[in-house]
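Chemist:
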Amino acid sequence: MSKKVARIVKLEFPAGGAKPGPALAGVGINMPQFCTAFNDASKERAGDIVPVVITVYDDKSFDFELKTTPASIVLKKTAGIKSGSATPGKQVVATITVDQLREIAEYKFPDLNANDIEGAMNIVAGTARNMGIAIEGMED
Numbered sequence: 171m172s173k174k175v176a177r178i179v180k181l182e183f184p185a186g187g188a189k190p191g192p193a194l195a196g197v198g199i200n201m202p203q204f205c206t207a208f209n210d211a212s213k214e215r216a217g218d219i220v221p222v223v224i225t226v227y228d229d230k231s232f233d234f235e236l237k238t239t240p241a242s243i244v245l246k247k248t249a250g251i252k253s254g255s256a257t258p259g260k261q262v263v264a265t266i267t268v269d270q271l272r273e274i275a276e277y278k279f280p281d282l283n284a285n286d287i288e289g290a291m292n293i294v295a296g297t298a299r300n301m302g303i304a305i306e307g308m309e310d
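Going by my numbering, the first residue of the sequence shown is number 171, and it counts up by one from there.
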C-alpha cells in the first residue's frame, strides 16, 4: 500500500543553504533531516537559488524534488545585471545572444511546458523581454 500524501509544498532555498526556519515550520516535516538532505543534494549548484517540491506524507515522512533555477535568475546572471528593467518594453537593460538563450532553454527544458528546444527558447525569450533584456539575432 502506498503512503497517503498529506500535502505538497513548493519552496526556494539557496543551494546548500537550507536551514530550519519559518518557511519549513508549517510544512510538518523533520526540518534538520530535510535541510541535511537538501543541502547535500544541491551543493554542486552553489550560488544558485534552487526551487524544491516537497511531498509530505501522513506519517510525517517526505520526498523532495529539486527543480532548475528560475529563468529570471539565470538570465540576470548571464546578462551580468542585478535587476531587470523598471519599464520593460521601453528600456533595455542588457542584451544576450541567441546562443546564450539556447543554453538557458536547454538548462530549463525539463521544467518548462515545451515540446522542443525552440518552444523552450520562446518561453525564456518572453521572460527576457519582460525583464528588459534584448536578444541579439532574434526577431520579436
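Note that CB positions come from ideal geometry on N, CA and C, so glycine has one too. From a predicted model like this one, the values you see are computed outputs, not experimental measurements.
1) Identify every run of the alpha helix (DSSP H) within the region 249 to 309, keeping only runs that are complete inside it and at least 4 residues long; order them along the chain.
2) For the beta strand (DSSP E) that contains T333, what are its first and last residues?
3) Would you tell me roughly how many angstroms separate the C-alpha atoms of G259 and I293, rounded to the nearest one?
4) To the nearest angstrom, how far is the alpha carbon of G289 from that of G254?
5) Could you check which residue in S172, R215, V175, G296 has the C-alpha nearest to that of T324?
Modeler: So, from the listed chains and residues:
1) At a cut-off of 4 residues, the continuous stretches assigned as alpha helix (DSSP H) that sit fully inside the region 249 to 309 are 268 to 278, 287 to 301.
2) The shown model of the chain, from 171 to 310, leaves out residue 333, and the question about it has no answer.
3) In the sequence shown, residue 259 corresponds to position 89, counting from 1. In the sequence shown, residue 293 corresponds to position 123, counting from 1. Going from the Cα of G259 to the Cα of I293 covers about 16 Å.
4) By one-based count along the sequence shown, residue 289 stands at place 119. By one-based count along the sequence shown, residue 254 stands at place 84. Whole-angstrom Cα-Cα distance: 23 Å.
5) The chain is shown only over 171 to 310; residue 324 falls outside these bounds and no answer can be derived.
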